[in-house]
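Each residue of the sequence shown is one higher than the one before, starting from 613 at the first, in our numbering.
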Amino acid sequence: MKEKKSIMDRIAESNKAVTTGVDEKDIKSWVTIYVMGKAYKVPAGLTIMQAMEFAGYRFIRSCGCRAGFCGACGTIYRKIGDYKLHAVMACQTRVEDGMYLVQIPFAPAYKATYDIQKEKYEVGTLFKYYPELARCVSCNTCTKSCPQGLEVMDYIQDAIKGDFEKVAHESFDCIQCGLCAVRCPAELVHYNIAQLARRMFGYHGNKEPELLTARLEEIEKGKYKKDWEKLLKASIEELKKLYAERVREAD
Ligand code: SF4
Ligand code: SF4
Ligand code: FES
Numbered sequence: 613m614k615e616k617k618s619i620m621d622r623i624a625e626s627n628k629a630v631t632t633g634v635d636e637k638d639i640k641s642w643v644t645i646y647v648m649g650k651a652y653k654v655p656a657g658l659t660i661m662q663a664m665e666f667a668g669y670r671f672i673r674s675c676g677c678r679a680g681f682c683g684a685c686g687t688i689y690r691k692i693g694d695y696k697l698h699a700v701m702a703c704q705t706r707v708e709d710g711m712y713l714v715q716i717p718f719a720p721a722y723k724a725t726y727d728i729q730k731e732k733y734e735v736g737t738l739f740k741y742y743p744e745l746a747r748c749v750s751c752n753t754c755t756k757s758c759p760q761g762l763e764v765m766d767y768i769q770d771a772i773k774g775d776f777e778k779v780a781h782e783s784f785d786c787i788q789c790g791l792c793a794v795r796c797p798a799e800l801v802h803y804n805i806a807q808l809a810r811r812m813f814g815y816h817g818n819k820e821p822e823l824l825t826a827r828l829e830e831i832e833k834g835k836y837k838k839d840w841e842k843l844l845k846a847s848i849e850e851l852k853k854l855y856a857e858r859v860r861e862a863d
């Protein structure tokens, strides 16, 4: 059976610089991409992020995990003759000939501050912090912009109906890249609205799992005190060993 790579291995692999160790004679096919309007010939098959590094860009922003999890590498592109504006993650999307690329390293967006424990479990809470929800015109642009393929408009509609559970499930894979919000004509910040809905459901709507309750009681009674003290005294090497040997639940 093929060994499943850990997330850390995948991240380390993606982090190998493509600008080193590549002999240009070995590269069989090339494509032309445009970064901020400037043309670059890059090897076909690279991700947008790797291709930009090949072209000489160094990422100090707009790049994080390089593995599709952190949402930092939001990128939009268009191809000549194609009106459509594509929104993708640069670390997860391969270059194509004729891509005109623009990085969106950060999308400034409003985020409400609240104390989830004090909020009422009702739709009014969402509207209190994000009244712009009412302005959604159902244009579906947010869904078309989402590189995670989420049904963003649907979860916004569920938020308007106060179905916190549905929003929580439908937005679960959101990586907070902000690409939906930068294109919304009603100026919604979808991912922050969804985050509030998930927190509301998590704190007020979701039944506390029995196993978690039992474990918390054990912790409060001091069952793990000795283990905890041992961990605090352990060296980095010992911690690494313990981490590598930890018992994990089956997937
Ligand atoms: S882009 Fe904005 S207005 Fe359009 S469907 Fe999404 S939330 Fe509604
Ligand atoms: S819902 Fe918005 S913020 Fe979340 S992954 Fe999709 S486009 Fe990015
Ligand atoms: S760098 Fe983290 S999702 Fe692309």
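Heads up, the beta-carbon is just placed ideally off N, CA and C, and yes, glycines get one too.
For ALA684, the distance from the CB to the nearest heavy atom of ligand 3 is below 7 Å.
Taken from the Cβ of ALA809, every heavy atom of ligand 1 lies 7 Å or farther away.
Measuring C-alpha to C-alpha distances from ILE787 to each of GLU850, PHE681, ALA656 identifies PHE681 as the nearest.
Judged by beta-carbon spacing, CYS789 lies within the 8 Å limit of PRO759, meaning their Cβ atoms are closer than that value.
In terms of Cβ geometry, TYR646 and MET701 do not form a close pair [threshold 8 Å]. For VAL794, the secondary structure class from DSSP, reduced to helix, strand or coil, is helix. Membership of LEU713 in the beta strand (DSSP E) is indicated by the continuous run 711 to 715.
A Cβ-Cβ contact shorter than 8 Å links PRO717 with ARG673. Scanning its chain for C-beta atoms nearer than 6 Å, with the 5 sequence neighbours on each side dropped, one finds around ARG747 the residues ALA798, in chain order. Here ASP770 is buried: its Cβ has 16 or more other Cβ atoms, across all protein chains shown, within 10 Å. DSSP places PRO743 within a helical segment (H, G or I) once states are collapsed to three. Spanning the alpha carbons of SER618 and TYR855 requires a straight line of approximately 13 Å. The stretch 725 to 740 and the stretch 806 to 816 touch, with three or more beta-carbon pairs separated by less than 8 Å. The stretch 692 to 707 makes contact with the stretch 649 to 664: 3 or more CB pairs, one atom from each, lie closer than 8 Å. Residue environment analysis places GLY683 among the buried positions, since at least 16 neighbouring C-beta atoms fall within 10 angstroms of its C-beta.
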